[in-house]
Structure formats: structure tokens, C-alpha cells
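In our numbering, the protein residues as written are 105 to 755.
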């Protein structure tokens with residue numbers, strides 16, 4: 105209660121600060137302006153001429169950034185900042201040269217000229233920072249997600265505040281202090297502060313709805329008749345305020361007004377240097393917020409645009425761009441969160457709520473920052489190693505570049521990628537836990553005991569893995585081979601360390617654990633044979649049938665499509681078996697692995713045609729009807745009625 109009473113008494117005495125005004129301040133300022141007129145005119149003319157020349161350059165840089173990537177945009181963004189700063193320095197240099205060469209004694213400069221030139225340099229450099237964040241004349245270089253009219257509106261109002269505060273505190277107040285009195289200087293400083301705060305309060309009240317609509321996102325459209333309501337389109341604003349943040353977006357002006365009113369109380373209670381320090385802290389908060397928004401805007405654009413690799417790299421490693429676009433947006437999202445936390449901490453430090461420097465150099469601060477940096481470095485290095493490994497595997501498996509990988513190389517490289525990924529994840533986790541401060545020795549011991557328990561409880565899985573390792577070492581099968589495993593015949597589509605996946609001829613997909621594999625039959629290892637077991641009637645001549653089979657093989661080799669898959673001449677085995685109704689003749693054809701089935705079907709078709717042409721009988725089952733007989737040799741009589749055909753009946 106006493107604190108409130110004292111505050112009320114101090115506020116009641118606050119207007120007394122304006123009692124230092126004597127009425128002669130306007131004459132002093134008019135006299136100072138007459139002395140500074142030539143320097144001000146020369147500096148301003150040079151500055152505006154250079155700014156006019158630079159606008160066309162900014163437009164070209166904006167067009168170039170619009171058609172380029174992120175790296176070009178950042179480069180042009182920094183280049184525009186350098187050019188803008190150089191323009192300010194050149195204008196300041198021109199004013200300085202004019203002051204020492206054309207005014208007063210040659211080589212000397214007056215106090216007022218020095219005050220003005222220093223104020224010009226500091227104020228215009230502050231405006232450079234504002235233009236850098238808002239880029240009112242270069243749309244593509246603007247880091248903040250706002251439109252052209254909104255950027256121009258904000259830049260003009262913020263630059264006006266910066267100019268009034270800067271020139272007022274750095275030029276007007278010192279002139280009043282030296283020519284009138286310090287009391288008058290404090291009064292003028294307070295008057296400038298009150299005017300600026302009143303203007304800022306008016307801006308907040310006037311733009312509360314447009315800013316709310318901008319913060320809320322696409323559900324609210326801005327009023328088209330106000331320049332300050334020129335807000336970005338919905339796709340770039342989507343998702344900006346959700347949940348609890350929506351309430352803050354609708355009532356943002358209340359915290360802003362509270363902050364401005366607090367500044368007003370500080371100005372009224374502590375006039376003089378406290379005013380400048382208060383505005384300097386507020387300027388730091390504004391600059392930090394603008395830089396944070398700018399960095400967040402750049403990261404948002406990068407997240408939307410994604411990573412676009414050169415065609416030469418994408419052709420060699422086609423999956424690299426997809427992996428980067430899966431990782432980079434998440435990393436940038438985390439970085440945006442870090443930037444937000446940093447902006448809040450720097451703002452609190454600027455207004456004196458925390459001492460960020462003391463916190464950073466404390467033992468706890470050093471430990472936390474070191475831990476964050478170490479963990480970030482470990483994660484980045486691990487991701488880089490994983491990316492390099494997987495990209496190298498993709499490059500080796502790409503048949504369009506380098507030597508074509510064999511089936512065994514494809515299988516081993518795929519297993520290497522999977523095993524290395526698991527090992528890298530485990531090692532990275534161990535490093536991260538160690539950097540966080542956890543003692544991983546007990547964890548490793550516990551993991552050993554747990555692994556032993558799992559080994560006893562999961563013997564089948566251990567058997568799968570061990571059998572799979574030996575199968576790979578022995579090169580029993582690879583992806584793409586046709587094999588018989590566990591009684592299932594099909595094409596190997598996937599091999600892991602513990603199972604094989606087959607696709608049979610009917611399209612069924614089988615996953616067979618290696619623990620159930622006692623034998624692997626590989627039909628495409630080095631070469632394949634088509635074995636032809638041809639049956640002929642008992643009455644046929646074997647030599648004639650052999651000649652027909654050899655002629656059919658010769659006709660088959662005459663087909664270039666089939667000949668490319670035949671590795672050797674027909675291998676004749678001869679009579680292989682005597683069947684119930686046929687003599688089985690065997691021969692075989694050595695083929696390129698995997699083509700024996702197609703060549704066999706083609707050979708069967710040619711052989712059928714040759715046998716038909718030479719009247720060689722291919723027997724098929726016949727059925728004989730036996731009626732039996734009596735002991736004296738007589739058979740049972742059968743009555744057969746034959747129905748005459750319709751034509752015969754007519755005759």
C-alpha cells in the first residue's frame with residue numbers, strides 16, 4: 105500500500121519535469137538549424153541520390169533471388185545490407201568532408217556539425233537494420249512473411265520513430281543542454297519520449313485488427329482498404345496461431361499497450377538519461393524480435409521450398425534428395441524453436457529482467473550450453489555418416505553409373521546398410537546419453553544381462569540370425585534368384601539377417617525364417633539346365649526319335665532370341681526309362697541361369713511340331729475294356745445296336 109502511495113505521489117509530481125522549459129528553446133533550435141543547414145542539405149541530398157540509384161539495383165537483386173535458390177537468396181540478402189550500409193557511410197563521409205572543407209576554418213569541424221554527423225550515422229544505420237528486416241523495395245529478399253504495402257507501412261512508421269528518438273536524443277537534447285540548461289534538456293527529452301509513446305499507442309490501436317488477422321492465419325481476411333492490412337496470402341500464413349496462441353493473437357494489443365504505458369511511467373518518473381536508456385532497451389527488444397522473425401521467415405521459406413539437388417547428383421543418388429527433404433524441415437523446425445527461445449531470452453536481457461551474460465558464464469550455464477552443443481554435434485555427425493553411407497550404397501546399386509552390381513553385391517550392400525544403420529543408432533544413443541551426463545557403464549552392463557536373458561528367451565531368433573550369416577557367407581542365394589527354401593519355390597525378393605522373402609509363381613509372398621531352412625536349392629547359380637524327358641511309343645525307332653530331337657534343337661538355335669540363352673549343344677542321354685505306355689528318352693540343354701524354363705517351353709513347342717511332321721507317336725494313356733471269359737474259353741456276348749446316320753436313313 106505504501107508503494108502504491110509513493111508511486112501515486114511521484115506521478116502527481118511528474119508534470120513538473122516540463123517546468124524546465126523556458127520558452128527560448130525554439131530560438132536555440134532555429135539558430136542551430138541555420139548553422140547546420142548546409143551540412144544537413146549536403147548529407148541528405150547525397151543520401152537520397154544514392155538511395156534512388158540503389159533502388160533499381162535492389163529490384164534486380166530481388167528478381168534474381170526470386171529465380172534462385174536459398175543460397176543465392178541469402179547471398180543477395182547480405183549484399184543488399186552491405187550496399188545499404190555503404191550508402192549511409194558515403195553520405196556521412198560527404199557531409200563530413202563538406203563540414204571540414206567548406207564551413208568554418210579549413211580542416212576543422214564544429215561541435216554541432218559533429219553531433220549531427222554522429223547522429224546521422226547512428227540513426228541511419230539503425231534504419232538500415234529496419235530496412236534489412238522489412239525490405240520494402242525488394243519482395244524476394246524480405247525475410248518476414250508480410251506483403252509489400254505492409255512492409256512499406258511498417259518501415260516508414262518504425263523509421264519515423266527511430267529518427268525522432270535518435271535525432272532528438274543525440275542532437276536536439278545535447279544542443280539544448282549546452283545552450284539553455286540541463287533542466288530544459290530533460291524537459292525536451294521527456295517531451296520527445298511522450299510524443300513517441302503517444303504515436304506508438306496510436307499505431308497499436310489503429311492496427312490491432314490487421315495484426316490479429318495476420319497472426320490468426322487464413323481464417324480471417326484483412327480489410328483491403330488499409331495499407332497496414334496488406335497481409336501475406338493464406339498458404340504462407342497457415343498454421344501461424346493455433347490453440348492457446350490464438351487467444352494471445354486476438355489480444356496482442358493489451359500486452360503491447362501495457363508495455364508502452366510502463367515506458368510512459370518510467371519516462372515521467374525518471375527523465376533525462378533514463379529516457380534514452382529505456383528507449384535503447386526497447387530498440388534492442390525490437391531489433392531482436394525483427395531478427396528473430398526474419399530468421400524464422402527464412403527458415404519457413406526453406407522448409408516450404410525444400411532441398412533441390414543438381415540433376416547430376418540426383419541422377420547418381422536418386423534417393424538423396426528425398427532423405428534430405430525428410431530431415432531438413434524437421435531440423436529447421438527445431439532451429440526455429442531455438443531462435444524463438446533465443447529471442448525471448450535476449451529481449452528479457454535487454455529490458456533487465458535477466459542477466460543473460462552472467463547466466464551464460466555461470467557453471468550451470470556453461471554445462472548446459474556445452475551439453476546442447478555437444479549433443480547437436482553428435483547428432484549432426486551421425487546423420488552425416490548415415491547419409492554418406494546410404495548415398496554410397498545407392499550409388500553402387502544404381503545401374504546407370506559405374507559398374508553394374510551383381511546380385512551378391514546388391515544383397516550384401518543392402519544388409520550392410522541395414523546393419524550399419526542399427527549400429528549407428530545404438531552408438532549415437534550411447535554418445536548422447538554420455539553427453540547428457542548419464543553414466544552409460546551401468547547401462548552397458550544391464551544391456552549385457554538383458555541381452556543374455558533375451559538370448560535364452562529368443563533362441564529361435566538367434567538361430568535365425570546365425571543361420572542367415574552363414575548363408576550369406578556361403579553365397580547360397582541372392583535377391584532375384586529362383587530358389588527352393590523350406591519346401592517353397594519362388595523368386596527371392598528380400599533378404600534380411602534373419603529371414604528370406606519369396607514370391608512364388610502364383611504371386612504368393614512367403615517369409616521364411618532361416619531357422620526353418622535346412623537346405624537351399626538355387627536354380628540360377630552359374631547356369632541352368634532344361635531336362636527334356638520325351639516319351640515315344642514302343643513301336644517307334646529310338647534312333648529316328650533321337651534325330652528328330654537333335655533337328656528340333658537345331659531349329660531352336662536358329663531363333664536368335666532363344667540362341668542367346670543357350671550355352672552348349674544338346675546333351676543326349678538316351679533311353680532313360682520304360683514306362684507303362686512309352687519309352688522315355690532324356691536330353692538336356694545348358695542355359696543362361698534363369699532362362700532354362702523359357703527355353704524349355706520353346707523347345708517343347710518345336711519338338712511337338714517335328715514329331716507330328718515325321719509321324720512319330722507321342723503316346724498317351726489308352727483304356728482297354730475287358731469282358732472276361734468262361735473256363736471253356738467262351739467270352740460273354742455283347743449286343744451292339746448301331747443307329748444309322750440320318751443321311752443313310754434317308755437313302
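Every residue gets a Cβ at the ideal spot worked out from N, C-alpha and C, and that includes glycine. Because the structure is a prediction, the values reported are computed rather than measured.
Ranking 637, 522, 655 and 443 by CA distance to the CA of residue 600 puts 522 first.
Residue burial annotation: residue 290 is buried, with at least 16 other C-beta atoms found within 10 angstroms of its C-beta.
By the C-beta criterion, the segment 255-272 is judged to be in contact with the segment 223-231, since at least 3 inter-stretch pairs fall below 8 angstroms. The DSSP-derived three-state label of residue 623 is coil. Of the residues 369, 637 and 308, the one whose Cα lies closest to the Cα of residue 355 is 308.
Between residue 602 and residue 652, the C-beta spacing is not below 8 angstroms. Assigned with DSSP and collapsed to three states, residue 505 falls in coil, not helix or strand. The DSSP assignment places complete beta strand (DSSP E) segments of no fewer than 3 residues inside the segment 658-741 at 675-682 and 687-695, in order along the chain. Of all alpha-carbon atoms in 591, 165 and 619, the one lying nearest the alpha-carbon of residue 608 is that of 591.
Runs of the alpha helix (DSSP H) lying entirely within the segment 208-273, each at least 4 residues long, are 215-238 and 252-271 in chain order.
Between the alpha carbons of residue 313 and residue 257 lies a gap of roughly 15 angstroms.
Taking 8 angstroms as the cut-off, the beta carbon of residue 165 is found closer than this to the beta carbon of residue 180.
With respect to the C-alpha of residue 723, the residue from 700, 709, 683 and 526 having the closest C-alpha is 683. Going by DSSP, residue 617 is part of the beta strand (DSSP E) stretching over 613-617. Per the coordinates, the alpha-carbon of residue 536 lies some 35 angstroms from the alpha-carbon of residue 419.
The three-state secondary structure of residue 595, taken from DSSP, is strand. The residues 695, 696, 699 and 703, in chain order, have a CB closer than 6 angstroms to that of residue 669 in the same chain once the five nearest residues on each side in sequence are set aside. Its chain contains 158, 232, 235 and 236 as the residues whose beta carbon lies nearer than 8 angstroms to that of residue 188, once the 5 sequence neighbours on both sides are disregarded; these appear in chain order. Residue 497 and residue 520 do touch by the CB rule: their CB atoms are close to 7 angstroms apart, below 8 angstroms.
Counting along the chain, residue 284 sits inside no alpha helix (DSSP H), nor does DSSP assign it H or E at all. Here the C-alpha atom of residue 366 lies approximately 20 angstroms from the C-alpha atom of residue 310.
Sequence-distant partners of residue 576 (beyond 5 residues in either direction) whose C-beta falls short of 6 angstroms from its own C-beta are missing from its chain. About 23 angstroms separates the CB atoms of residue 304 and residue 280; that is not less than 8 angstroms, and the two are not in contact. Distance check between residue 540 and each of 501, 472 and 640 places 472 closest, using alpha-carbon atoms only. The alpha-carbon of residue 625 is positioned some 8 angstroms away from that of residue 580. C-alpha of residue 713 to C-alpha of residue 663: approximately 15 angstroms in a straight line. In this model, residue 163 and residue 241 are separated by some 7 angstroms (Cα to Cα).
Non-local C-beta neighbours of residue 350 in its own chain, meaning closer than 7 angstroms and more than five positions away in sequence, comprise 320, ordered along the chain.
In the structure shown, residue 642 falls within a coil segment according to DSSP collapsed to helix, strand and coil. Distance from the CA atom of residue 150 to the CA atom of residue 299, rounded to whole angstroms, is 30 angstroms. If the five residues before and after residue 177 are omitted, its C-beta is found closer than 6 angstroms to the C-beta atoms of 169, all from its own chain and listed in chain order.
Comparing alpha carbon positions, the residue from 636, 515, 680 and 203 closest to residue 598 is 515. Residue pairing by DSSP puts residue 588 in a beta bridge opposite 593 and 625.
Put simply, of 487, 415, 479 and 416 the residue whose alpha carbon is nearest the alpha carbon of residue 430 is 487. The three-state secondary structure of residue 168, taken from DSSP, is helix. The C-alpha of residue 283 is placed about 58 angstroms away from the C-alpha of residue 480.
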